[in-house]
Amino acid sequence: MNINDIPSELLLHILSYVPQSDLFTNIDQVCDLWKHVDYTEIYGDYSQPFEHVRRIQNFVKSLTITPGHIIEFFGFQRKLQFVNLKSLDVSDNLVVSEVFFDKIIQRCPNLKKIKFISGTRINMEHCLEKLKGLNLTELDIGYFYGTRTLDDELISLLRKQPELTKLALRGWKTLKDSSIASILNDCTKLNSFYLFNGHTSNGAFMVSEKDLLLAELTIHSNLLDDEGLQNITGRTKILKLLNIEQSSGITDCGMVQVTQNCPSLENISFGNPSNSENISNRTLFAVAENCSLLKSLSTTGCRNIDDDGIIEIAKSCRHLTLLTLNGCTELRDESLFAIGEHCHSLREIDFSYCSNITFSGVYFLINSCPNLNSLILSFCNGISHANLKESSQLTNGNILICGSHSHLKELILRYCTHITKEAVLILVDLCPDLRKLSLSNCLSDCDDDFLCRVFEACTFLTNYKVYNKMIRRQNYNRTDLYSPC
Numbered sequence: 001m002n003i004n005d006i007p008s009e010l011l012l013h014i015l016s017y018v019p020q021s022d023l024f025t026n027i028d029q030v031c032d033l034w035k036h037v038d039y040t041e042i043y044g045d046y047s048q049p050f051e052h053v054r055r056i057q058n059f060v061k062s063l064t065i066t067p068g069h070i071i072e073f074f075g076f077q078r079k080l081q082f083v084n085l086k087s088l089d090v091s092d093n094l095v096v097s098e099v100f101f102d103k104i105i106q107r108c109p110n111l112k113k114i115k116f117i118s119g120t121r122i123n124m125e126h127c128l129e130k131l132k133g134l135n136l137t138e139l140d141i142g143y144f145y146g147t148r149t150l151d152d153e154l155i156s157l158l159r160k161q162p163e164l165t166k167l168a169l170r171g172w173k174t175l176k177d178s179s180i181a182s183i184l185n186d187c188t189k190l191n192s193f194y195l196f197n198g199h200t201s202n203g204a205f206m207v208s209e210k211d212l213l214l215a216e217l218t219i220h221s222n223l224l225d226d227e228g229l230q231n232i233t234g235r236t237k238i239l240k241l242l243n244i245e246q247s248s249g250i251t252d253c254g255m256v257q258v259t260q261n262c263p264s265l266e267n268i269s270f271g272n273p274s275n276s277e278n279i280s281n282r283t284l285f286a287v288a289e290n291c292s293l294l295k296s297l298s299t300t301g302c303r304n305i306d307d308d309g310i311i312e313i314a315k316s317c318r319h320l321t322l323l324t325l326n327g328c329t330e331l332r333d334e335s336l337f338a339i340g341e342h343c344h345s346l347r348e349i350d351f352s353y354c355s356n357i358t359f360s361g362v363y364f365l366i367n368s369c370p371n372l373n374s375l376i377l378s379f380c381n382g383i384s385h386a387n388l389k390e391s392s393q394l395t396n397g398n399i400l401i402c403g404s405h406s407h408l409k410e411l412i413l414r415y416c417t418h419i420t421k422e423a424v425l426i427l428v429d430l431c432p433d434l435r436k437l438s439l440s441n442c443l444s445d446c447d448d449d450f451l452c453r454v455f456e457a458c459t460f461l462t463n464y465k466v467y468n469k470m471i472r473r474q475n476y477n478r479t480d481l482y483s484p485c
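In terms of the UniProt record's numbering, the numbers along the sequence shown are unbroken and rise by one, the last being 485.
Here it is in structure tokens:
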């Protein structure tokens, strides 16, 4: 099918996935509609800078506005009316006044989803009242600056939203535990609840024993402990996502109970670097035993987790696609061997600050996970040249891994201060699909031959950072007679 035969509504949806740079420079070469809409004489007419937006405004269903354009969209351009807009994101502290907020709601009358963070002087009570005129399915509000208690106004708004399925409350430091309990009780269709509020305690979840339909639950609060967590997860048997990062009161005891309450969990995030002693292998053993459907595991700064726990996870949770073990300093290559042997669906891995892993483990992992897209190894100072020869034919027990084609697209080696040029070249030879490579604060003495060889190994790489310098392909091309190579 020719791109020009695609209906404009569908074409706009497709183009929403295209980088802005391509929209402005390349798409008009093949798409007549986009050329007509976007690349016209109006670019030279500063009196009509948003004429091209007017041409497509009735087709836009989802819109995210950046700081540089919100005034133009809703301040001066009175003709812009997004009557079919369903989702709006103005979250970057862009709502600066009640009048401005009113204009947004007036010009987007059929919104179903809205995300905004109030400015320092805005009257949040006014905004909550204005939102009552919408029939929302998703609401995400940031209220960080105000000191007024607006519990009644918030609850009143939510009771006007019978179809609400997702709610995120960011800030809201005056929000009472009893109000949170009321929200959970009243919003009967809620399946996703995000609460970023350091003052929420167990009381918010101890008032009722009513079962909840929540599939996603995020709570960031230092006052939440095992008792509150056990209560809320005991009422959410179908929970698939749990994020309790920064909740420093959670221990192994609470996490074990969570895995028993919610065996359908697919996404778990926990850990707090300031209080990392509370979580150990006991939590991972429970996850491995009870949550075999797990797809994403993220933990930060848990220094009591070691290889034994990760090996059990790797053996039992073979559907993992994302694994973050940032700051789990006791991990060694044995963890990487187990992950590479059992978790072939992994797409993203973060081992930052795991200083005991070595080149052998990294080499094995890259070779063994063909679907891996992103590997982050920042501050992994154990990666060096010490065992390069052994790694080329790496044996783990009875498993022989030979060099193969990795599909890795992102490799981050920031502050791996002991890594060598030889080690980097072996890794990039394994990863011809790389789009992003960072060697920030590494290899201060690179020569031109090394810089060229990286580009030759990774044909899709346009630039990468070495030490404190950005290296660009056009400056290191051996086919260019005037290049440094």
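Think of the CB as a built atom: it goes at the ideal place given N, C-alpha and C, for glycine as much as any other residue. Predicted model, so just to flag it, every value in this text is computed and none were measured.
Residue range 177 to 186 is occupied by the alpha helix (DSSP H) that includes Asp-186. Under DSSP, the beta-bridge partners assigned to Asp-225 are Gly-249. Annotation for Ser-298: the continuous beta strand (DSSP E) segment containing it runs 296 to 300. In this structure, the alpha-carbon of Met-206 lies about 29 Å from that of Gly-301.
Within the DSSP secondary-structure output, Ile-412 pairs in a beta bridge with Ile-376 and Ser-438. In the same chain as Cys-343, and ignoring 5 residues on each side of it, the C-beta atoms closer than 8 Å to its own belong to Ala-314, Cys-317, Arg-318, Leu-320, Leu-323 and Cys-369, in chain order.
Leu-439 sits away from Leu-408, with the two beta carbons spaced by 8 Å or more. Take the alpha-carbon of Asn-110 and the one of Leu-134: they are about 7 Å apart. In this structure, DSSP gives Glu-456 a helical state, which the three-state scheme calls helix. Between the alpha carbons of His-13 and Glu-245 lies a distance of about 34 Å. Pairing Leu-169 with Tyr-353, the inter-Cα distance amounts to about 31 Å.
Excluding residues up to 5 positions away in sequence, Leu-136, Thr-137, Leu-139, Leu-158, Cys-187, Lys-189 and Leu-190 lie with their Cβ nearer than 7 Å to the Cβ of Leu-164 in the same chain.
The beta carbon of Ser-296 sits closer than 6 Å to those of Asn-267 and Leu-322, all from its chain and outside the five residues before and after it, given in chain order. In the three-state scheme derived from DSSP, where H, G and I count as helix and E and B as strand, Val-90 is classed as strand. In this chain, the alpha helix (DSSP H) harbouring Asp-307 covers 307 to 316. Annotation for Ser-62: the continuous beta strand (DSSP E) segment containing it runs 62 to 64. Beta-bridge analysis with DSSP links Glu-289 to no other residue.
Per DSSP, the unbroken alpha helix (DSSP H) holding Lys-421 starts and ends at 421 to 430. Nearest to Lys-115 by C-alpha distance, out of Gln-106, Leu-425 and Val-90, is Val-90. Here the C-alpha atom of Asn-373 lies approximately 42 Å from the C-alpha atom of Ser-97. Excluding sequence positions up to five before and after Asp-429, its CB lies within less than 6 Å of the CB of Ala-457, all in the same chain and listed in chain order. Contact check for Glu-227 against Asn-261 fails: the beta carbons are separated by 8 Å or more. Distance between Leu-167 and Ser-16, taken at the CA atoms: about 25 Å. Phe-100: member of the alpha helix (DSSP H) spanning 98 to 107, first to last residue. Annotation: Tyr-363 is outside any beta strand (DSSP E); the continuous alpha helix (DSSP H) that includes it extends over 359 to 368. DSSP places Asp-151 inside the alpha helix (DSSP H), whose first and last residues are 151 to 159. Here Val-83 carries a coil assignment [DSSP, helix/strand/coil].
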